[in-house]
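Q: The sequence shown begins at 3 in the working numbering and counts up one residue at a time.
Let me give you the structure first, and then I'll get to my questions.
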Amino acid sequence: MSVKTLSETQRKDLLSPLLSSGWSMVDNRDAIIKKYAFNDFNEAFGFMTRVALKADKMDHHPEWFNVYNRVEVTLSTHDCQGLSTRDVELASFCDAVAK
């Protein structure tokens, strides 16, 4: 099954809730990014571990950067060179885990 980039309708319907919850579009790239802050490194690493397990099951891996209690997550689908429903699903999962 080939992965397709989000249609204009999907972008409006699926990305709007993410963009209003702290995700933002990446400049010069069809990707979304969000920065999370946790109480300490253990909490940040726990978040990354839970997301990593989900990402591995989805076979859809984030680009991320971690320093102490901060984690920056960037999502885009390499198979279609842009945003797909996989990114929406993983972004929503990240938000749920971070609560």
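Beta carbons: idealized from backbone N, C-alpha and C, even for Gly.
#1: Does the distance from the C-beta atom of VAL99 to that of LEU16 stay below 8 Å?
#2: For PHE49, is the classification buried or exposed, using 16 other Cβ atoms within 10 angstroms of its Cβ as the cut-off for buried?
#3: If you count every other CB in all the chains shown that lies within 10 Å of the CB of PRO64, and 16 or more means buried, which is it?
#4: Alpha carbon to alpha carbon, how far is MET60 from TYR38?
#5: Exposed or buried, what is LYS36 when buried is set at 16 or more other beta-carbons lying within 10 Å of its beta-carbon?
#6: On the criterion of 16 or more Cβ atoms from any shown chain inside 10 Å, does LEU21 qualify as buried, or is it exposed?
#7: Can you give me the start and stop residues for the alpha helix (DSSP H) that LEU21 sits inside?
#8: Taking only three categories from DSSP, how would you classify ARG88?
A: In short:
#1: In this structure, the beta-carbon distance from VAL99 to LEU16 does not fall below 8 Å.
#2: That one is buried.
#3: It is buried - the Cβ of PRO64 has at least 16 other Cβ atoms within 10 Å.
#4: Computed Cα separation, rounded: 22 Å.
#5: LYS36 should be labelled buried.
#6: Label assigned to LEU21: exposed.
#7: In the DSSP assignment, LEU21 falls within the alpha helix (DSSP H) that extends over 18 to 21.
#8: Three-state DSSP puts ARG88 in a helix.
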